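Taken in order, these protein sequences are the chains called U and R. Residue numbers are given in the working numbering: position 90 of the first sequence equals residue 90, and the series is strictly consecutive. Start counting at 1 in the second sequence, then tack on 262, and there's your number in the working numbering.
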Amino acid sequence: MTAGEVLARIKQQLGVPWREQTYRDTFKFGGPDTVVTGIATTAFASMEVIERAGSRGLNLIIPHEVTYWNDRDDTSAVERDATYARKVELMKKHNVAVFRIHDHMHAQRPDFTFVGSARAIGLDSKHETAPGSHRFVIPETTLGALAARVKTHTGARALRVVGDPSVKVTRVLLGVGYATPPTPAPDVEVVISGEQQEADSSFDSPEYVLDAMVAGATKGWIMLGHTISEEAGMLEMAQWIKGFVPELPVELVKAGEPFWVP
Amino acid sequence: MTDLSRRQFAAVTVGGMAAPLLARPADAQAPVTAAEVFERIKAGIGVEWKADTVDAIKAGDPATRVTGIVTTAMATITVLQQAIKLGANLVVSCEPTFYARNDSRTPPATVESSDPVYTVKNALVDKHGLVILRLNEHWKRRQPNPFTTGFGASLGWATRQAASDPSRYELPATSLKALAGAIARSLGSRGGVRVIGDPSTSVKAAALLPGSTPIGTMLDTLPGVDLVVAGEVREWESVEYARDAVFAGERKGLVLVGRVVSEEGAMRECATWLSGLVPDLEVRHVPAGDPYWRPA
């Protein structure tokens, strides 16, 4: 089976039309003629993921995120870099094709990034206000206890929290990756998401939550990190692909959390 | 203005004090207004003032007579309360005060007009007659860049600066693990420090990238040093680049400390500079602190 044939099946099963104008969801290495011996899904086609997947014959790598460290995967921005040259060598060595699935994953229903993140965090779908609302009303706890539980469930070493750990919370809004919702909505107490610019953005939640602590408003902000936030859903992605590509092994090969903390 | 709750009222009155505690007595000098301080900044900063800039008075009456100045990386309510206790009514902030780049006292359409956080912050500014000035883009363009010299000073590296470049430091060879710990202690970090790289890597040539850094700058910087200490980056850019570089065999480290924490040194230097610019006023630096903590 070729990478092109796998993609034709993905497009057919997606449930939403393929947007040909996407610059994100394209081949980053290899192409439709690459003969596929196995499929790896992951958050990032990092060099470590390429090595681990490639050495096991999972040579069609489907990352949710970029390969060349910029959103457009513009290689002209990185082509003089030594690490880029080694990454290309590694992809050649393992004869991999890399195809990003980002925009269409978020357009799909359900969006597996949310399904996977809720599962990984330990948010129960029975507490979601409506399917796909990403709003959860959980049994009352404190921000500190919630953050500790999220850390234990996800294993995120470098999870970061803003807010008063002792404040009682029950209303959680889940975001994914860099799509981090703002904190002020009255029916939102805690936003859990991946990553966001810290200040000087369209809405600066860190400062807002710090001020809410003093102003008497119940707010909290839990940042999982981009990979922890979005990689869990690549398991759902692998299982979904396996359903219509039964001939090939399909596995999640985790990029994993990039950080450690002092 | 909506009615304030008891807790909100407490936030606005700063421990019940109505009058500044340490305001300097009126002296023979002519009173300086916030607008005049701003004009002295524009005239003295040493870089051409841009027509289109975020550096402007964001709250308060420019005609206010300044009783004292506080500089900070981010003018949180807690920082404003400390300024009031110090008798200062002009706050110079590197980052926005009203939770967005547009830095407007009026909540955006997506936020309720009665939002309690905006309400309390606005009431605090009005009650105490505070003036808030954002100073970022022009302060960043000074040479040597006070963001890098200030960050280096915060880390205790001032004597380690390499040649004439305040973004480069030559440190005694140290493991990345030990150095990351020392960095977190120097900055008083609660939970904002995150590291990429093998903890046992020995590092000595370091580059500082305070504030927010795009991938292009990281591609230009990391290959030439052992360690980059940065404020914030985009994780899909520089974090993944550093992770790949390490896997490819480069003996490198990337330490992220948080944007606001990385900018505090620049605002401490700003306080020193302003002291010379308005010698008849007390100028102090009040750090916003590390916004982040981490569960055990």
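Backbone N, C-alpha and C fix where the C-beta goes; we use that ideal spot for every residue, glycine too. Please read these numbers as outputs of a predicted model, since none were measured by experiment.
Partners in chain U for Ile339/R, counting only beta-carbon separations shorter than 8 Å
What Ile339/R touches in chain U, judged by beta-carbon distance under 8 Å, is Leu210, Asp211, Val214, Ala215, going in chain order.
For Arg302/R, the nearest candidate out of Leu397/R, Val379/R, Thr381/R, Thr334/R (CA to CA):
Taking only the C-alpha atoms, the option nearest Arg302/R is Leu397/R.
As a quick exercise: from Thr359/R, Gly459/R, Ile331/R, Gly551/R, pick the residue whose alpha carbon is nearest that of Leu348/R.
The residue from Thr359/R, Gly459/R, Ile331/R, Gly551/R with its alpha-carbon nearest to that of Leu348/R is Ile331/R.
Counting only C-beta atoms, is Tyr361/R closer than 7 Å to chain U at any point?
It does: the Cβ of Tyr361/R has a partner Cβ on chain U nearer than 7 Å.
May I ask you to list the residues that DSSP assigns as paired with Arg496/R?
Answer is none; Arg496/R lacks a bridge partner.
Option in Thr463/R, Trp401/R, Pro324/R, Gly308/R with minimal Cα separation from Val393/R
Scanning Thr463/R, Trp401/R, Pro324/R, Gly308/R for the CA closest to the CA of Val393/R turns up Pro324/R.
Between Asp377/R and chain U, is there a C-beta pair that is closer than 7 Å?
It does; some Cβ of chain U falls within 7 Å.
Alpha carbon to alpha carbon, how far is Thr340/R from Leu543/R? Give it in angstroms, no decimals.
A direct Cα-Cα distance of roughly 22 Å separates Leu543/R from Thr340/R.
Which one or two residues does DSSP pair with Thr475/R in a beta bridge?
The bridge partners DSSP lists for Thr475/R are Val495/R.
Please confirm if the region 36 to 44 of chain U is in contact with the region 13 to 20 of chain U, defined as three or more CB-CB distances below 8 Å between the two stretches.
In this structure the region 36 to 44 of chain U does not lie against the region 13 to 20 of chain U, because fewer than three pairs of beta carbons, one per stretch, are closer than 8 Å.
Gly243/U, buried or exposed, once every other Cβ within 10 Å from all chains shown has been counted against 16
The residue is exposed, with fewer than 16 neighbouring Cβ atoms inside 10 Å.
Under the assumption that Glu236/U contacts Gly194/U (Cβ atoms under 8 Å), give the Cβ distance between them as a whole number of angstroms.
No, Glu236/U and Gly194/U are not in contact; Cβ-Cβ is about 16 Å, not under 8 Å.
Three or more C-beta pairs under 8 Å: does that hold for the region 125 to 133 of chain U against the region 95 to 102 of chain U?
No, the region 125 to 133 of chain U is not in contact with the region 95 to 102 of chain U.
Indicate the three-state DSSP secondary structure (helix, strand or coil) for Ala290/R in the structure shown.
Note on Ala290/R: pLDDT 45, under 50, position unreliable in the model; no value is reported.
Excluding sequence positions up to five away, which residues of its chain have a Cβ less than 7 Å from the Cβ of Arg119/U?
Apart from sequence neighbours up to five positions away, the residues of its chain that approach Arg119/U with a beta-carbon distance below 7 Å are Ala232, ordered along the chain.
Sorted by chain position, which residues of the same chain lie with C-beta nearer than 7 Å to Arg521/R's C-beta, five sequence neighbours on each side aside?
Gly473, Ser474, Gly493, Glu494, listed in sequence order.
Can you check whether the CB of Tyr554/R is closer than 7 Å to the CB of Gly453/R?
Yes, the pair counts as a contact, with Cβ atoms nearer than the cut-off.
Between the C-alpha atoms of Val548/R and Asp200/U, what's the straight-line distance to the nearest angstrom?
Between the alpha carbons of Val548/R and Asp200/U lies a gap of roughly 19 Å.
Give a yes or no on whether the C-beta atoms belonging to Thr83/U and Ala510/R are separated by under 7 Å.
The answer is yes: Cβ separation under 7 Å.
Here's the rule I'm using: 16 or more other beta-carbon atoms within 10 Å means buried, otherwise exposed. How should Asp25/U be labelled?
The residue is buried, with at least 16 neighbouring Cβ atoms inside 10 Å.
Our contact map puts Val172/U next to Ile192/U with C-beta atoms below 8 Å; I'd like the distance itself, whole angstroms only.
Rounded, the Cβ-Cβ distance is 6 Å, consistent with contact.
The region 136 to 156 of chain U contacting the region 55 to 69 of chain U, beta-carbon criterion three pairs below 8 Å
No, they do not touch.
With 7 Å as the C-beta to C-beta threshold (strictly closer), list the residues of the region 81 to 110 of chain U near chain R in chain order.
If the cut-off is 7 Å between Cβ atoms, the region 81 to 110 of chain U has Asp81, Ala82, Thr83, Arg86, Lys87 near chain R.
Rounded to the nearest angstrom, what separates Glu257/U and Gly175/U at their Cα positions?
Near 18 Å, if we compare the C-alpha coordinates of Gly175/U and Glu257/U.
Jot down the residue ranges of each uninterrupted beta strand (DSSP E) in the region 78 to 159 of chain U, minimum 3 residues, whole runs only, in chain order.
DSSP runs (the beta strand (DSSP E)) wholly in the region 78 to 159 of chain U: 97 to 99, 135 to 142.
Just the C-alpha distance for Leu352/R and Ala296/R, rounded to the nearest angstrom, thanks.
Looking at the two C-alpha atoms, the distance is approximately 7 Å.
Run through the DSSP bridge pairs and tell me what Gln423/R is partnered with.
Tyr431/R, per the DSSP bridge assignment.
Name, please, each residue of chain U whose Cβ falls closer than 8 Å to the Cβ of Phe642/R.
Since the displayed chain R opens at 263 and closes at 558, residue 642/R lies outside it and no answer follows.
What is the rounded straight-line gap between the Cα of Pro262/U and the Cα of Ile477/R?
Rounded to the nearest angstrom, the two C-alpha atoms are 24 Å apart.
Touching or not, the region 212 to 229 of chain U and the region 374 to 393 of chain R, by the rule of three or more beta carbon pairs under 8 Å?
In the pairwise beta carbon analysis, the region 212 to 229 of chain U is classified as touching the region 374 to 393 of chain R: at least three pairs are separated by under 8 Å.
Excluding the 5 residues preceding and the 5 following Asn364/R in the sequence, name in chain order all residues of the same chain whose CB lies nearer than 7 Å to its CB.
Excluding the 5 residues flanking it on each side, Asn364/R has no same chain C-beta neighbour closer than 7 Å.
Using only CA atoms, which one of Arg496/R, Gly418/R, Leu516/R, Gly306/R lies nearest to Glu198/U?
Ranking Arg496/R, Gly418/R, Leu516/R, Gly306/R by Cα distance to Glu198/U puts Arg496/R first.
I want to verify the contact list: residues of chain R whose CB lies under 9 Å from the CB of His153/U, in sequence order.
Neighbours of His153/U in chain R, taken as residues at a C-beta separation under 9 Å, are lacking, since the least C-beta distance is about 11 Å.
Would you decide whether Ser46/U is buried or exposed? Buried here means 16 or more other CB atoms lie within 10 Å of its CB.
Under this definition Ser46/U is a buried residue.
Note down, in chain order, all residues in the region 191 to 202 of chain U with a beta-carbon under 9 Å from any beta-carbon belonging to chain R.
Within the region 191 to 202 of chain U, the residues whose Cβ lies closer than 9 Å to some Cβ of chain R are Gly194, Glu195, Gln197, Glu198, Ala199, Asp200, Ser201, Ser202, listed in chain order.
So which residues of chain R does Val161/U contact, with C-beta pairs closer than 8 Å?
Here the neighbours are Gly453, Tyr554, Trp555, Arg556, Pro557.
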